[in-house]
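2 protein chains.
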Amino acid sequence: MNASRTARERVRAELIREITDIARRHLATEGATGLSLRAVAREMGMVSSAIYRYFPSRDDLLTALIIDGYNALGEAVERADAACARDDFTGRWLAVCRAVREWALAHPHEYALLYGSPVPGYAAPQDTIAPAVRDTAVYGRIVADAHRAGRLTPPPICPPPPAILAEDAKIVRSLMPDVPDDVVTRAIAAWTGLFGMVSFEIFGQFNNTITHRAELFEHNMTCLGHLLGLPE
Amino acid sequence: MNASRTARERVRAELIREITDIARRHLATEGATGLSLRAVAREMGMVSSAIYRYFPSRDDLLTALIIDGYNALGEAVERADAACARDDFTGRWLAVCRAVREWALAHPHEYALLYGSPVPGYAAPQDTIAPAVRDTAVYGRIVADAHRAGRLTPPPICPPPPAILAEDAKIVRSLMPDVPDDVVTRAIAAWTGLFGMVSFEIFGQFNNTITHRAELFEHNMTCLGHLLGLPE
DNA sequence: TCTCCGTCAAGAGCACCGCTCTCTAATCGC
DNA sequence: GCGATTAGAGAGCGGTGCTCTTGACGGAGA
Numbered sequence: 023m024n025a026s027r028t029a030r031e032r033v034r035a036e037l038i039r040e041i042t043d044i045a046r047r048h049l050a051t052e053g054a055t056g057l058s059l060r061a062v063a064r065e066m067g068m069v070s071s072a073i074y075r076y077f078p079s080r081d082d083l084l085t086a087l088i089i090d091g092y093n094a095l096g097e098a099v100e101r102a103d104a105a106c107a108r109d110d111f112t113g114r115w116l117a118v119c120r121a122v123r124e125w126a127l128a129h130p131h132e133y134a135l136l137y138g139s140p141v142p143g144y145a146a147p148q149d150t151i152a153p154a155v156r157d158t159a160v161y162g163r164i165v166a167d168a169h170r171a172g173r174l175t176p177p178p179i180c181p182p183p184p185a186i187l188a189e190d191a192k193i194v195r196s197l198m199p200d201v202p203d204d205v206v207t208r209a210i211a212a213w214t215g216l217f218g219m220v221s222f223e224i225f226g227q228f229n230n231t232i233t234h235r236a237e238l239f240e241h242n243m244t245c246l247g248h249l250l251g252l253p254e
Numbered sequence: 023m024n025a026s027r028t029a030r031e032r033v034r035a036e037l038i039r040e041i042t043d044i045a046r047r048h049l050a051t052e053g054a055t056g057l058s059l060r061a062v063a064r065e066m067g068m069v070s071s072a073i074y075r076y077f078p079s080r081d082d083l084l085t086a087l088i089i090d091g092y093n094a095l096g097e098a099v100e101r102a103d104a105a106c107a108r109d110d111f112t113g114r115w116l117a118v119c120r121a122v123r124e125w126a127l128a129h130p131h132e133y134a135l136l137y138g139s140p141v142p143g144y145a146a147p148q149d150t151i152a153p154a155v156r157d158t159a160v161y162g163r164i165v166a167d168a169h170r171a172g173r174l175t176p177p178p179i180c181p182p183p184p185a186i187l188a189e190d191a192k193i194v195r196s197l198m199p200d201v202p203d204d205v206v207t208r209a210i211a212a213w214t215g216l217f218g219m220v221s222f223e224i225f226g227q228f229n230n231t232i233t234h235r236a237e238l239f240e241h242n243m244t245c246l247g248h249l250l251g252l253p254e
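Going line by line, the protein sequences match chains A and B.
Under this note's numbering, the first residue of the first sequence carries the number 23, and numbering increases by one thereafter.
Under this note's numbering, the first residue of the second sequence carries the number 23, and numbering increases by one thereafter.
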């Protein structure tokens, strides 16, 4: 009874996994707009309508891929951070930057799904929120650790943030406990700077202009790290 | 003969303009993937195949919208810069930042078309390159002007860029003449930081997190300006 | 053991899409 | 005015997401 029910559920789970695997492969080669339920069904030897037993709509399949993508990126970032000495805060920051960039270069279409133009008519459901901040959580820990260790020296070039930003800082602080407001705002600046750089590279804004992208990235992330207040 | 030929050409140009106008309206409401030649034709009271007399493919229509978008953004940036005192370099930088953000907020789908995920299978033709750097050209002039005026003081937090980046700096320097390599790389960092911030806001990464977006933007752009070396 | 009910694949079908082709009508250049 | 060019209409092809119905299968309870 239990065994049989789980047998049924198991084949169902297996099929769902197979569908997402094929879909992810299609996503990687054709991009999000080229992802078609019918093509996935065709490759599985199924009729297209059968897919709807497992994913009620194309958007639901896309949601599954988005969650997978956030988790894959988050895991890559976690691994990169874990490989560093805990008190090498600059090294951890740079490792996270490189992990984001390398994952994006290896999975450009998935990166586009996560950080590019949102799919129109598509509203990310609640399930995506937790995986979406997995990478940010790692970053938050680095900032918090560095601050707690007293290794975050505010650069002389930033004015103090306006008082009204304290409200937002309160929310962000859940990812980087005990960090003062000015550090929070600089942390946001560095984080958006990282993704701005990666997006420019992935989305083609550097075409015909920048050729030594790894070196430029490395250098600019170093600058951003110093903007954040990280040591040499 | 001339008058009659231009009469035909004039109605043709008029129709092309009408098509792009309707298409831009559809783009603004439905987004790029929701833009359909058939819907545009329907709204014009045309049969769908007739559109192909004017745009050989959907991608060509999209190209026209992209060029228009770059020009609209470029013009907004030019106007913002022109409204500032020539020697108020920090003011010009912030004006450009605000112009980019406000244009993006007013035209999110067009912004996504320009700076979001590239449309798969779509390669931007040569015609898009010149309009694409219209905003960047304004920025380059600000940096070059500030440097020429001796108002660009390198912040103490950036190491010198590696020598190999000199090659890329040579190309970027066409937009900001006579600017040394380290300023070029910091200029790129500030520019990508601006678009990273705007993209995060437009693409929804600030949802459920940042509410005082204008204030955060203002503050972070100020920081980036100082990273670039702009005065108080 | 038999029956019943839930699950599933399959197929037909709807409305839409980009795009091509042919045919006819209007228009322009000479 | 006549031949050449251009524009629009319509049918049609293969594709899409999605819905609905039908019939087969298999596990659960009488």
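Where is the CB? At the ideal position from N, CA and C, for every residue including glycine.
Using CA coordinates, which residue listed in the options is at the minimum distance from residue i?
| i | options | result |
| --- | --- | --- |
| P176/B | L49/B, L252/B, A35/B, G91/B | L252/B |
| I179/B | H248/B, W125/B, R60/B | H248/B |
| R208/A | V141/A, A236/A, H169/A, A54/A | H169/A |
| A161/A | R46/A, H241/A, F228/A, V194/A | Reading the sequence as shown, one finds Tyr at residue 161/A and not Ala. Among R46/A, H241/A, F228/A, V194/A, the Cα nearest to that of Y161/A is on V194/A. |
| A50/B | C119/B, D90/B, A117/B, E100/B | D90/B |
| L135/B | N229/B, S221/B, A159/B, C106/B | S221/B |
| W213/B | L116/B, R47/B, V141/B | L116/B |
| V118/A | T158/A, F228/A, S70/A, V206/A | T158/A |
| R34/A | R46/A, Y76/A, A126/A, S71/A | Y76/A |
| I186/B | R80/A, R163/A, H234/A, A98/A | H234/A |
| T150/A | D167/A, V69/A, A188/A, L84/A | L84/A |
| A188/B | D203/B, R30/B, N93/B | D203/B |
| A171/B | P199/B, A146/B, S71/B | P199/B |
| A152/A | I164/B, A128/B, N230/B, P153/B | N230/B |
| I164/A | Q148/A, T112/A, A154/A | T112/A |
According to the neighbour-count rule (16 or more other Cβ atoms, all chains shown, within 10 Å of its Cβ), is residue i buried or exposed?
| i | result |
| --- | --- |
| C245/B | buried |
| Y42/B | Residue identity check: residue 42/B is Thr in the sequence provided, not Tyr. With 16 or more Cβ atoms within 10 Å of its Cβ, T42/B is classed as buried. |
| E223/B | buried |
| R108/A | exposed |
| M23/B | With a pLDDT of 36 at M23/B, under the threshold of 50, the predicted position of this residue should be treated as unreliable, and no value is reported. |
| S196/B | exposed |
| E132/A | buried |
| P130/B | buried |
| I232/B | buried |
| G56/B | exposed |
| R53/B | With the sequence shown as reference, residue 53/B is identified as Gly, and Arg is not the correct amino acid for it. Buried: at least 16 other Cβ atoms inside 10 Å. |
| R114/B | buried |
| A25/B | The predicted model places A25/B with a pLDDT of 43, which falls under 50 and marks its position as unreliable; any figure quoted below should be read in that light. Its Cβ having fewer than 16 others within 10 Å, A25/B is exposed. |
| R32/B | exposed |
| Q227/B | buried |
| Y74/B | exposed |
| M126/A | The sequence given here has Ala at residue 126/A, not Met. With 16 or more other Cβ atoms within 10 Å, it is buried. |
| V62/A | buried |
| A98/A | buried |
| R60/B | exposed |
| P140/B | buried |
| V69/A | exposed |
| D82/A | exposed |
Please check the pair residue i and residue j, which I expect to be a contact at CB under 8 Å, by giving their CB distance rounded to whole angstroms.
| i | j | result |
| --- | --- | --- |
| A86/A | A102/A | A86/A to A102/A, Cβ: 25 Å. No contact. |
| G218/B | G138/A | Contact doesn't hold; Cβ gap of about 13 Å is too wide. |
| G96/A | R156/A | 3 Å |
| E65/B | I44/B | 5 Å |
| P8/A | H48/B | Residue numbering for chain A in the displayed model covers 23 to 254; residue 8/A lies beyond these limits and cannot be assessed. |
*Can you list the alpha helix (DSSP H) stretches of 4 or more residues lying completely in the region 148-176 of chain A, in chain order?*
When DSSP assignments are scanned along the region 148-176 of chain A, the uninterrupted stretches of alpha helix (DSSP H) that are 4 or more residues long and fall wholly within it turn out to be 151-154, 156-170.
*Scan the region 181-216 of chain B and note each continuous alpha helix (DSSP H) run of 4 residues or more that stays entirely inside, going in chain order.*
Annotation note: the region 181-216 of chain B contains the following uninterrupted alpha helix (DSSP H) runs of length 4 or greater, listed N- to C-terminal: 188-194.
_Suppose only complete runs of 4+ residues qualify. What are the alpha helix (DSSP H) ranges in the region 40-67 of chain B, listed by chain order?_
Unbroken alpha helix (DSSP H) stretches of 4 residues or longer found wholly inside the region 40-67 of chain B: 59-66, given in chain order.
_Give the list of continuous alpha helix (DSSP H) stretches no shorter than 4 residues that lie fully inside the region 76-153 of chain A._
Entirely contained in the region 76-153 of chain A, the alpha helix (DSSP H) runs reaching 4 residues are, in chain order, 80-104, 111-128, 130-137.
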